[in-house]
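Only one structure is covered here, and it is reproduced in the block below.
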Amino acid sequence: MITYGTLPDLFGNAVAQHPDRIALVTPTEQLDYATLADRVNRAARKLMMSGIGPEDVVAVLVRRDSASWLTTALGIVTAGAGYLCLDPDYPADRLAFMIDDARPKMIIGDRDRDGRFDLPFLSWHDLDAGTVPGHPITDADRRAPLRVDNLLYLIYTSGSTGTPKGVAVTHRGLVGLVASQSRVIGTGPGDAVLQWASPSFDAAFWDVSLALLHGATLHLAGSADLMPGEPLADLIAARGISHATIPPVALNALPTGVERTRVRGVGTIITTGDTCTAGLVRRWAPGRRLINGYGPTETTVGASLSTPLAVRNAIDIGRPFDRTRIDVLDDQLRDVGTGRSGQLVIGGPGVARGYVGRPALTADRFRPDPCGPAGSRRYLSGDLGRRDEDGRYHFGGRRDGQIKFRGFRIELGEIEAVLAEHPAVTGAVVVVGAGSDGPALNSYLTVDRRVEADPVREFAGRRLPAHMVPSTFTVLDTFPRSPNGKLDRSALPEPDRPGLGTTPPADGDTERTDTEQYVCDLFGELLRHPTVDPDDDFFDIGGHSILLTRLVSRIKAERAPELSLRTAFASRTARRLAIAIDQCSGPADPADQRLNRTGNEL
């Protein structure tokens with residue numbers, strides 16, 4: 000076991016042990032470890048010939064189903080630099096901000112996004128071409144030696160002010176991460192690991208390390224095949240996936256019963272990025288290992304892993320990674336003791352360097368670590384939790400969810416955790432809003448079966464003091480999320496908001512088919528959008544993969560049983576989706592006439 004090393008050291012160790020094992024599978028090719036390493040080293044040499052070395056940043060325009068993004072990212076790191084993955088689907092303004100903030104030396108991709116980035120550009124094809132040798136690279140080849148304190152990657156997360164912040168992660172935490180993966184999960188040769196997360200998120204690095212630093216096989220796929228629902232279930236079955244890290248919201252979107260049929264072969268599921276509920280454990284723990292993970296981007300992907308969860312046990316986030324320490328502290332950063340709630344403060348070599356270009360924010364969130372070696376720091380997560388007598392940690396929501404309500408200091412996360420324990424509830428969000436007689440607690444729920452408000456209210460009343468029981472209970476298909484997948488509380492609808500009814504044709508939209516009107520109405524209902532035009536793009540007006548799954552389920556139940564999620568994903572607009580529905584449904588009924596602007600038959 001390597002006790003000290005950079006990513007090239009750890010990957011090189013896996014290559015030396017498993018040169019002929021399959022390392023990577025994409026929709027079009029598969030590479031063994033030796034071939035993958037050869038491509039990575041050739042990419043690194045070309046980058047070094049362009050002057051790239053330690054502490055440089057190189058951006059990658061991501062095509063997630065191609066081996067090229069992975070060989071490029073690993074090549075950047077092997078050259079000594081840090082990588083920044085850019086998601087081509089991000090809004091242009093966000094991409095421009097990230098590039099301006101990170102100041103990469105160059106961008107690598109398959110095209111220059113129409114030349115809008117004023118930076119040197121290199122195509123993947125150029126990086127992979129030529130006769131540059133592919134033998135291993137050493138410090139003698141690099142501009143400067145590569146050390147564990149050098150930059151590994153930049154990941155941008157949303158900030159509380161709305162401005163993304165770049166987290167600079169080094170190599171120092173990798174050994175603890177890999178040791179924890181080996182101890183708790185135990186991937187190795189013969190295992191098939193799914194890369195579900197987008198490369199622009201640090202969870203993708205978790206997938207990569209879980210496979211390629213342990214001799215397992217990493218499986219890449221396109222966005223359409225990874226959409227929660229039928230496509231993801233089909234992909235898992237077709238590829239024989241054995242290990243997958245999937246957040247709760249995506250697990251909940253998989254078809255009912257699929258855990259016992261098509262994805263039965265997935266022996267290990269790691270769920271992280273959101274609260275794991277009792278309903279999720281009941282569904283996914285039987286017959287496999289369901290492991291709960293926790294940790295912010297600022298601590299090299301994660302900080303703790305649970306042992307396999309059991310249906311009848313309390314849901315915990317496990318024990319810290321190897322070489323990692325989690326303290327539970329009060330507002331004065333004093334230990335609160337076993338069983339009491341406090342802020343989770345994380346120390347160890349996995350703590351990131353800080354936020355790029357934000358020294359004040361870095362100083363506020365990354366504090367000197369009195370328990371670590373000289374110069375070390377610990378990260379104030381802003382998350383609440385407690386440590387039980389067995390040394391396991393239990394997540395308790397966000398620290399900034401603490402409010403003073405009607406004279407009582409309460410934690411919204413505590414209320415959410417209680418609501419999520421209801422058998423029908425798969426997720427819960429609680430906010431403070433305006434009530435008839437002052438501030439009110441409003442809850443929003445996602446459920447896996449029909450449930451009325453009264454039983455949920457009674458359930459909460461048996462577990463919470465009266466002042467913490469919400470006034471309203473609104474059921475949603477899914478929670479609104481920001482572009483990086485975080486919950487967007489500001490986009491929650493008014494409590495118990497009535498249905499929007501028929502979406503009227505916009506000015507100039509003189510006629511719609513009945514099917515177009517039907518799809519516009521569905522878009523409006525699911526997206527809570529007051530008006531929808533047949534040419535509006537579902538994703539441009541607030542849709543995302545989970546909502547698309549809900550949309551297709553409705554359409555299959557009501558109009559077109561043969562409609563596939565992939566077809567809906569490709570259609571995107573109400574007009575094109577209506578055509579697809581009509582093709583699935585057969586010839587239109589003669590009575591299905593064009594509608595005029597008021598919705599009456601012509």
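Each residue of the sequence shown is one higher than the one before, starting from 0 at the first, in numbering that gives the first Met the number 0. For every residue, glycine included, the Cβ atom is placed at its ideal position computed from N, Cα and C.
Determine the DSSP secondary structure at residue i, reduced to helix, strand or coil.
i: HIS543; result: coil
i: ASN12; result: helix
i: GLY161; result: Only weak support exists for where GLY161 lies, its pLDDT of 42 falling under 50; the coordinates are left without a value.
i: ILE414; result: helix
i: SER241; result: coil
i: LEU608; result: Absent from the model: residue 608. The displayed extent of the chain is 0 to 601, so no value can be given.
i: ILE51; result: coil
i: TYR89; result: coil
i: GLN342; result: strand
i: GLN331; result: coil
i: VAL310; result: coil
i: HIS134; result: coil
i: TYR3; result: coil
i: ALA43; result: helix
i: VAL350; result: coil
i: MET226; result: coil
i: ARG397; result: strand
i: GLY523; result: helix
i: CYS84; result: strand
i: SER655; result: Coverage of the chain is limited to positions 0 through 601, which leaves residue 655 absent and any answer about it impossible.
i: PRO367; result: strand
i: ILE235; result: helix
i: VAL57; result: strand
Run the CB neighbour count on residue i, radius 10 Å, all protein chains shown included, and call it buried at 16 or more, exposed below.
i: TYR517; result: buried
i: ALA653; result: Since the displayed the chain opens at 0 and closes at 601, residue 653 lies outside it and no answer follows.
i: ARG333; result: exposed
i: TYR608; result: There is simply no residue 608 to check, as the chain begins at 0 and stops at 601 in what is shown.
i: LEU279; result: buried
i: ASN312; result: exposed
i: GLY228; result: buried
i: TYR3; result: exposed
i: PRO119; result: exposed
i: PRO494; result: buried
i: GLY172; result: buried
i: HIS134; result: exposed
i: SER380; result: buried
i: ARG461; result: exposed
i: GLN331; result: exposed
Assuming residue i and residue j make a contact with CB atoms under 8 Å, what is their CB distance in whole Å?
i: MET47; j: ARG141; result: 7 Å
i: GLN16; j: GLY189; result: So it is not a contact: roughly 14 Å between Cβ atoms.
i: LEU83; j: PRO103; result: 6 Å
i: PRO26; j: ALA220; result: 6 Å
i: VAL430; j: ARG488; result: 6 Å
i: ASP581; j: LEU525; result: Rounded, the Cβ-Cβ distance is 20 Å, inconsistent with contact.
i: ARG261; j: ALA232; result: 5 Å
i: LEU193; j: GLY81; result: At roughly 25 Å, the Cβ-Cβ gap does not stay under 8 Å, so LEU193 and GLY81 are not in contact.
i: ARG571; j: ASP532; result: The Cβ separation is near 13 Å, so there is no contact.
i: GLY292; j: LEU304; result: 5 Å
i: ARG553; j: LEU521; result: 6 Å
i: LEU121; j: ILE107; result: 5 Å
i: PRO198; j: VAL61; result: 5 Å
i: LYS45; j: LEU145; result: About 17 Å; that fails the 8 Å criterion.
i: LEU663; j: VAL166; result: Past the edges of the chain, shown from 0 to 601, lies residue 663, and the structure says nothing about it.
Alpha carbons only, please: which of the options is nearest the one belonging to residue i?
i: VAL310; options: LEU521, ILE290, LEU463, GLY294; result: ILE290
i: ASN12; options: ASP476, LEU444, ALA33; result: ALA33
i: TYR443; options: VAL417, VAL327, ASP31; result: VAL417
i: VAL355; options: PHE96, SER380, THR306; result: PHE96
i: GLU510; options: ASP534, PRO494, PHE522; result: ASP534
i: ALA439; options: VAL455, ALA419, PHE472, ARG462; result: PHE472
i: GLY336; options: ALA66, VAL168, ARG385, ASN149; result: ARG385
i: PRO87; options: GLY79, ALA78, LEU209, ASP64; result: ASP64
i: THR70; options: LEU217, ARG448, ASP148; result: LEU217
i: ASN251; options: THR425, ALA419, THR514; result: THR425
i: ARG621; options: TYR378, ASP330, HIS421, ARG93; result: Limits of the chain in this structure are 0 at one end and 601 at the other, which puts residue 621 out of reach.
i: PRO163; options: HIS170, SER222, ASP92; result: ASP92
i: ASP19; options: PRO7, LEU35, LEU6; result: LEU35
Going by the C-beta, is residue i closer than 6 Å to any heavy atom of the ligand SAH?
i: CYS275; result: In the structure on display, the ligand SAH does not appear, and there are no ligands present to speak of.
Can a CB atom of chain E be found closer than 7 Å to the CB of residue i?
i: VAL168; result: In summary, chain E is missing from the structure at hand, where a single protein chain is found.
Is it true that the segment 361–369 meets the segment 308–319, where meeting means three or more beta-carbon pairs spaced less than 8 Å apart? Three or more Cβ pairs closer than 8 Å define a contact, and the segment 361–369 falls short of that threshold against the segment 308–319.
The segment 391–399 touching the segment 237–248, judged by at least three CB pairs closer than 8 Å: In short, these stretches do not touch, since the Cβ pair count stays below three.
Below 8 Å, can you find three or more Cβ-Cβ pairs linking the segment 133–149 to the segment 202–209? Contact between the segment 133–149 and the segment 202–209 is absent, because fewer than three Cβ pairs lie under 8 Å.
Would you call the segment 293–307 and the segment 343–357 in contact, with 3 or more CB pairs under 8 Å? Put simply, the segment 293–307 touches the segment 343–357. At least three CB pairs are less than 8 Å apart.
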